[in-house]
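So the structure is just underneath, and the comments pick up after that.
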Amino acid sequence: MAKATVAIVGRPNVGKSTIFNRIVGERISIVEDSPGVTRDRIYGTGDWLTHEFHLIDTGGIDMGDAPFLVEIREQAELAIEEADVIIFIVSAREGVTSTDEEVGKILFRSKKPVVLAVNKVDNPEMKADVFEFYSLGFGEPFPISGSHGLGLGDMLDEVVRHFPSDLEESEDEDIIKFSLIGRPNVGKSSIVNALLGEDRVIVSDIAGTTRDATDSAYEFEGQKYTIIDTAGMRKKGKVYEKTEKYSVLRALKAIDRSDIVLVVLNGEEGILEQDKKIAGYAHEAGRGIIIVVNKWDVVEKDDKTMKNFEEQIRAHFQFLDYAPIVFVSAKTKKRLITLPPVIKMASENHSLRVQSSVLNEIIMDAIARNPAPTDKGRRLKILYATQVGVKPPTFVVFVNDPELMHFSYERFLENRIREAFGFEGTPIKMIARART
């Protein structure tokens, strides 16, 4: 299921970030115990009335030294480009300013749904100050208070009402959907073009649900794949290069719709911090993951180069220890043929179910070899385990007290399950639950 995208736009100091944090709530927190998974403040996931959506805070985007109005204009235009619905924030304290009017003009031209929210209406007496904002031409202004959390429900009701109706996607279980994510210029487009080149069966171009994204159908040895375009991989624009944070949003949209995600690294440049960030999103989303090292043709090599690079990857991406690593060159097409079988393997593991009886044998054997730890004199008792989901494989372990299940012991059980069933290329979710 694809998610709608909502952008918060407005001039500086109207309280965009406060409202962003209110809507996103606690969900922005860093996932614990996963080294290398970091968070970017300008993106979040909000939910309202069973709708999950991406949220962009344009205030979090730094355009460098651009002059004030140019900066606001560029931010607004970027948000318009990406968003399905725009929340236009103004401030009751200052009233309508010329900058508000400037931003309003840009939003008006966009033909996108705009919800006008007047922030800093911190007490009922200030509600009268809202009426002058009708002059901006966006219909009824919603009085809100970011600092007190007032009025956000009515505003979000209106936002959700404008979500596009075509977010549902038709599911074909036999087709494996994968996307390529990574920093700009690691060669994502080149890999896609090389895969689709010459002796490949290109079935058709399927129009994706996101604007300006075209998914490509691809077939290899009888298996059908859909390559989800990280919308705008084919698009180069001054502003997009300046704000490579937007490439993260593009990646998030692609991850949402994928079964398997290929995290593409540049073999020539090695591993950068942003690579980890982008891979962290795919890991948190529970997608199958393959690490692809591109541009391997230009790396000076001896018999140890590949092994050393693999060790570097494992050290930097400790949270992706289950992901296979494939070295390719999109330019010379070397080893590209090894990619589709690895994608297929990761996809099979991602939706693999194991029998409860076999699972419990493995768990009991693990406990016999390494008894559960005690905490303040109380020992963790594991009663039984069962698989409750796939994509990713999700296991519930019933215990006497979930508080006693330490992260390290959960990790030990996960490793035993991996030893027994493989699960290469997919994360595994473990949930400890008290037996009722």
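Residue numbers (the working numbering): 48 to 483. Positions of the beta carbon are idealized from the N, C-alpha and C atoms, including for glycine.
Across the stretch 404-418 and the stretch 381-396, are there enough close Cβ pairs to call them in contact, namely three or more that are closer than 8 Å? No: fewer than three Cβ pairs fall under 8 Å.
From Gly-198, Arg-230, Arg-297 and Ser-237, pick the residue whose C-alpha is nearest to that of Val-310; which is it? On the sequence shown, residue 310 is found 263 positions in, with the first residue counted as 1. Among Gly-198, Arg-230, Arg-297 and Ser-237, the Cα nearest to that of Val-310 is on Arg-230.
On a CA-only basis, which of Val-444, Thr-105, Gly-196 and Ser-376 is nearest Asn-240? Give me that one, please. Position 193 of the sequence shown holds residue 240. Of the candidates Val-444, Thr-105, Gly-196 and Ser-376, the residue whose Cα lies closest to the Cα of Asn-240 is Ser-376.
Would Ala-190 and Gly-198 qualify as a contact pair, given that the criterion is a beta-carbon distance under 8 Å? Counting from one through the sequence shown, the residue named residue 190 turns up at place 143. Counting from one through the sequence shown, the residue named residue 198 turns up at place 151. With the sequence shown as reference, residue 190 is identified as Pro, and Ala is not the correct amino acid for it. With a cutoff of 8 Å on beta-carbon distance, Pro-190 and Gly-198 are scored as near each other.
Less than 8 Å separating the beta-carbons of Leu-227 and His-101? Stepping through the sequence shown from its first residue, residue 227 is reached at position 180. Stepping through the sequence shown from its first residue, residue 101 is reached at position 54. No, they are not a contact pair.
Identify which residue in Asp-221, Lys-174, Gly-193 and Pro-59 has its Cα closest to the Cα of Glu-395. Against the sequence shown, residue 395 aligns to sequence position 348. When Asp-221, Lys-174, Gly-193 and Pro-59 are compared, the shortest CA-CA separation from Glu-395 is found for Asp-221.
Specify whether the stretch 161-177 and the stretch 53-73 touch according to this definition: at least 3 beta carbon pairs, one from each stretch, less than 8 Å apart. Contact annotation: the stretch 161-177 touches the stretch 53-73, with at least three C-beta pairs closer than 8 Å.
Under the rule that 16 or more other beta-carbon atoms within 10 Å means buried, what is Val-56, buried or exposed? Working through the sequence shown from its first residue, we reach residue 56 at position 9. By the 16-neighbour rule on beta-carbons within 10 angstroms, Val-56 is buried.
May I ask which residues mark the beginning and end of the alpha helix (DSSP H) holding Lys-31? This structure leaves residue 31 out entirely; the chain is present only between 48 and 483.
With distances taken from CA atoms, which of His-453, Ile-464 and Lys-50 is nearest Arg-425? To locate residue 425, count along the sequence shown from 1; it is residue 378. The candidate whose alpha carbon is nearest that of Arg-425 is His-453.
Taking Cβ to Cβ, would you say Val-308 is nearer than 8 Å to Ile-274? Along the sequence shown, read from residue 1 onward, the residue named residue 308 stands at position 261. Along the sequence shown, read from residue 1 onward, the residue named residue 274 stands at position 227. The answer is no: Cβ separation not under 8 Å.
Contact the stretch 361-375 vs the stretch 336-353: 3+ CB pairs below 8 Å: The stretch 361-375 is in contact with the stretch 336-353.
Excluding the 5 residues flanking Tyr-328 on each side, which residues of the same chain have their C-beta closer than 7 Å to its C-beta? In the sequence shown, residue 328 corresponds to position 281, counting from 1. Within its own chain, the residues whose Cβ lies closer than 7 Å to the Cβ of Tyr-328, once the five positions on either side in sequence are excluded, are Ala-298, Leu-299 and Ile-302, listed in chain order.
Could you please give the first and the last residue of the uninterrupted alpha helix (DSSP H) stretch that includes Ile-325? Sequence index remark: in the sequence shown, residue 325 carries index 278 (1-based). Element bounds for Ile-325: 320-331.
By DSSP's criteria, Leu-197 is part of a beta bridge. Which residues make up the other side? Start at 1 with the first residue of the sequence shown, and residue 197 comes out as number 150. Per DSSP, the beta bridge partners of Leu-197 are Ser-192.
For Lys-224 and Glu-357, the rounded distance between their alpha carbons: Start at 1 with the first residue of the sequence shown, and residue 357 comes out as number 310. Start at 1 with the first residue of the sequence shown, and residue 224 comes out as number 177. If I take the Cα positions, the gap works out to 26 Å.
For His-363 and Glu-450, what's the separation of their Cα atoms in angstroms? Along the sequence shown, one-based indexing puts residue 363 at 316. Along the sequence shown, one-based indexing puts residue 450 at 403. Spanning the two alpha carbons is a distance of roughly 30 Å.
So, helix, strand or coil for Phe-454, using DSSP? Looking up residue 454 in the sequence shown gives position 407. Here Phe-454 sits in helix by DSSP.
Would you mind sorting Met-280 into buried or exposed? The rule is 16 or more other CB atoms within 10 Å of its CB. Against the sequence shown, residue 280 aligns to sequence position 233. Model confidence at Met-280 stands at a pLDDT of 41, short of 50, so the residue's coordinates are unreliable; what they give is reported in the following sentence. Around the beta-carbon of Met-280, 16 or more other beta-carbon atoms lie within 10 Å, marking it buried.
Range of the contiguous beta strand (DSSP E) that encloses Thr-97: For the purposes of this step, residue 97 is taken as the residue at position 50 of the sequence shown. Element bounds for Thr-97: n/a, residue is neither H nor E.
Between which two residues does the alpha helix (DSSP H) holding Gly-29 run? The first residue shown for the chain is 48 and the last is 483, placing residue 29 beyond what the model contains.
Expected contact under 8 Å - CB spacing of Ser-403 and Thr-433 to nearest Å: Here residue 403 refers to the residue found at position 356 when the sequence shown is read from its first residue. Here residue 433 refers to the residue found at position 386 when the sequence shown is read from its first residue. Right, the Cβ-Cβ distance comes to about 5 Å (below 8 Å), so this counts as a contact.
Counting along the chain, where does the beta strand (DSSP E) carrying Arg-230 start and finish? The residue labelled residue 230 in the question sits at position 183 within the sequence shown. Segment: none, Arg-230 is in no beta strand (DSSP E) and carries neither H nor E.
With the cut-off set at 8 Å, would you say Leu-355 and Val-233 are in Cβ contact? Counting from 1 along the sequence shown, the entry for residue 355 is found at position 308. Counting from 1 along the sequence shown, the entry for residue 233 is found at position 186. Rather than Leu, the amino acid found at residue 355 in this sequence is Asn. In this structure, Val-233 does not lie closer than 8 Å to Asn-355 by Cβ.
Can you give me the Cβ contacts of Pro-82 inside the same chain, cut-off strictly under 7 Å, excluding the 5 residues immediately before and after it? Position 35 of the sequence shown, counted from the first residue, corresponds to residue 82. With a pLDDT of 37 at Pro-82, under the threshold of 50, the modelled position of that residue is not reliable, and no figure is offered here.
Which value, in whole angstroms, describes the spacing of the CA atoms of Ala-479 and Tyr-369? Translated into positions along the sequence shown, residue 479 becomes position 432. Translated into positions along the sequence shown, residue 369 becomes position 322. For the pair Ala-479 and Tyr-369, the Cα-to-Cα distance works out to about 21 Å.
What is the DSSP secondary structure of Phe-445, counted as helix, strand or coil? Reading the sequence shown from its first residue, position 398 is the one you call residue 445. Under the three-state reduction of DSSP output, Phe-445 falls in the strand class.
What does DSSP give as the partner residues of Ser-182 in its beta bridges? Taking the first residue of the sequence shown as position 1, residue 182 is located at position 135. Checking the DSSP bridge columns, you'll see Ser-182 has no partner listed.
Rounded to whole angstroms, what is the Cα-Cα separation between Ile-133 and Lys-50? Numbered from 1 along the sequence shown, position 86 holds the residue referred to as residue 133. Numbered from 1 along the sequence shown, position 3 holds the residue referred to as residue 50. One C-alpha to the other measures close to 15 Å.
What's the gap between the Cα of Gly-436 and the Cα of Ile-429? The residue you call residue 436 lines up with position 389 of the sequence shown. The residue you call residue 429 lines up with position 382 of the sequence shown. C-alpha separation (whole angstroms): 20 Å.
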